[in-house]
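For the sequence shown, my numbering assigns the number -2 to the initial residue and increments by one for each residue that follows. A virtual CB, placed ideally from N, CA and C, is assigned to each residue, including glycine. Being a predicted model, the structure only gives us computed values, none of them experimental.
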Amino acid sequence: MPALPEVATLHRPALSAKLAPAILVCLAAPAFFVLLLPWLGWTLLAAGLLAAFLVERSDARRAMTSGTAAEGFEGRRPPGILRDLSLIAAGLLIVSAIPLKAELDNIAMLRFTVALGGAVLVPYLISRFVYRDYAIRFPWRGGGRWTSLQWGWLVGVLVLGWLILPFYFITSGVYQNWPVVDTPDLIARLFVGVGAVGIWDELFFICTCFALLRRHFPDKQANVLQAIVFVSFLWELGYRAWGPVLTIPFALLQGYIFMRTRSLAYVVTVHLLFDAVVFAVLVHAHNPGLLDGLFFVPSPG
């Protein structure tokens, strides 16, 4: 099943009144996850949803005045910006309800499971059963068999991760944003946690936020908007210092790859390979001598 079969037939101008409410809602992410100011995030979400309501009311009045219904291409009614932004806002509110500091105890892992799971599940259920517009989908296979270029990129991800991530985590000191993993139990928990969050990233930022934004804006514009949310989350999770130099291109590339492949399986595979290197680097950084032969940057201490 294609990822978003309706997108190609809808009119998505680069400049429209819808852009302002979308920007406000997306800017709530850095308010929540970078500035750590919940009140500002709530304010931006409320302002964005109010602006979306006013845009829709203005469009409805214009349609009534002209005597025609607002339609997209092929006579299809365009999706409502208020509905779609409300789904993104719901997910952001759920995620922002918990601290995103990486921790590996049972309570922390349960907290992450409930909050992150809810941030995907609640918007999906509202779209599916309340709005009944099937706006959120998870196209596992998407565009079919992977090409040689796609297989090559998987190798490229591993190579780039091996070259860049040890230098970033160790020289910047951001590895300390993750807990010390010096026992088999903690290493196993880190492996599960890093992988689970990586899968969730694609379910929420790409299949939810990006997919909803693509219904209203050109692909490149929607991709930039989702990247604001994606990178903000990664910042609080621990990718700080000069981390955005890595996470911004990564978020944009994941959106672009999803557009081209229409495959959740592929973007998840890319992310998990990248996170496999992240996991190995964190184990290396917290355990001097254990993996020194694997990376060119020695572990601290």
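To the nearest angstrom, how far is the alpha carbon of residue i from that of residue j?
i           : j           : result
residue 274 : residue 157 : 10 Å
residue 25  : residue 200 : 19 Å
residue 278 : residue 294 : 10 Å
residue 33  : residue 27  : 8 Å
residue 237 : residue 133 : 30 Å
residue 242 : residue 271 : 15 Å
residue 244 : residue 228 : 6 Å
residue 118 : residue 253 : 24 Å
residue 170 : residue 268 : 22 Å
residue 234 : residue 172 : 11 Å
residue 299 : residue 162 : In the structure as shown, the chain starts at -2 and stops at 298, and residue 299 therefore has no counterpart that could be examined.
residue 123 : residue 150 : 35 Å
residue 148 : residue 264 : 12 Å
residue 11  : residue 41  : 22 Å
residue 185 : residue 105 : 15 Å
residue 55  : residue 62  : 11 Å
residue 260 : residue 216 : 16 Å
residue 97  : residue 39  : 18 Å
residue 246 : residue 193 : 21 Å
residue 164 : residue 195 : 21 Å
residue 37  : residue 181 : 41 Å
residue 80  : residue 204 : 16 Å
residue 129 : residue 145 : 38 Å
residue 58  : residue 251 : 38 Å
residue 155 : residue 43  : 41 Å
residue 168 : residue 110 : 31 Å
Roughly how far, in whole angstroms, is the beta-carbon of residue i from the beta-carbon of residue j, given that I think they are within contact range, below 8 Å?
i           : j           : result
residue 207 : residue 9   : In fact, because the Cβ distance is near 13 Å, the residues do not count as touching under 8 Å.
residue 179 : residue 103 : About 18 Å separates the two Cβ atoms, so there is no contact after all.
residue 138 : residue 262 : 6 Å
residue 249 : residue 224 : 5 Å
residue 266 : residue 140 : Actually they do not touch by this definition, with Cβ atoms about 14 Å apart.
residue 76  : residue 211 : At roughly 10 Å, the Cβ-Cβ gap does not stay under 8 Å, so residue 76 and residue 211 are not in contact.
Output needed for residue i: all residues of its chain with C-beta closer than 7 Å, excluding positions within five of it in sequence on either side, in chain order.
i           : result
residue 52  : 14, 15, 18, 78
residue 191 : 272, 275, 276
residue 1   : Because residue 1 carries a pLDDT of 49, less than 50, the predicted location of this residue cannot be relied on, and the following value inherits that uncertainty. 208, 211, listed in sequence order.
residue 35  : 29, 93
residue 152 : none
Once the 5 residues before and after residue i are set aside, which same chain residues still bring their CB inside 8 Å of it?
i           : result
residue 82  : 18, 19, 22, 45, 46, 49, 209
residue 159 : 274, 292
residue 72  : Per-residue confidence for residue 72 stands at a pLDDT of 45, beneath the threshold of 50, marking its modelled position as unreliable; the derived number appears in the next sentence. Answer for residue 72: no residue qualifies.
residue 125 : 131, 133
If we call anything under 8 Å between Cβ atoms a contact, is residue i one with residue j?
i           : j           : result
residue 226 : residue 202 : yes
residue 113 : residue 92  : yes
residue 288 : residue 183 : no
residue 89  : residue 29  : yes
residue 344 : residue 255 : The question about residue 344 has no answer here: the residues shown for the chain are numbered -2 through 298.
residue 31  : residue 239 : no
residue 87  : residue 176 : no
residue 84  : residue 136 : no
What does a CB cutoff of less than 6 Å around residue i pick up in its chain, not counting 5 residues either side in sequence?
i           : result
residue 296 : 281, 282, 285
residue 115 : 91
residue 95  : 108, 112
residue 230 : 30
residue 174 : 235
residue 300 : Look at the range of the chain in this structure, -2 to 298, and you will see that residue 300 is not part of it.
Kindly indicate if chain C contains any beta-carbon less than 8 Å away from that of residue i.
i          : result
residue 95 : Absent from the structure: chain C. Only one protein chain is present.
Answer yes or no: the CB of residue i versus the heavy atoms of the ligand COA, is any distance below 7 Å?
i           : result
residue 213 : Here there are no bound small molecules, and the ligand COA is not part of this structure.
Segments of 4+ residues assigned as alpha helix (DSSP H) that fall wholly inside the segment 183 to 255
Annotation note: the segment 183 to 255 contains the following uninterrupted alpha helix (DSSP H) runs of length 4 or greater, listed N- to C-terminal: 208 to 211, 216 to 234.
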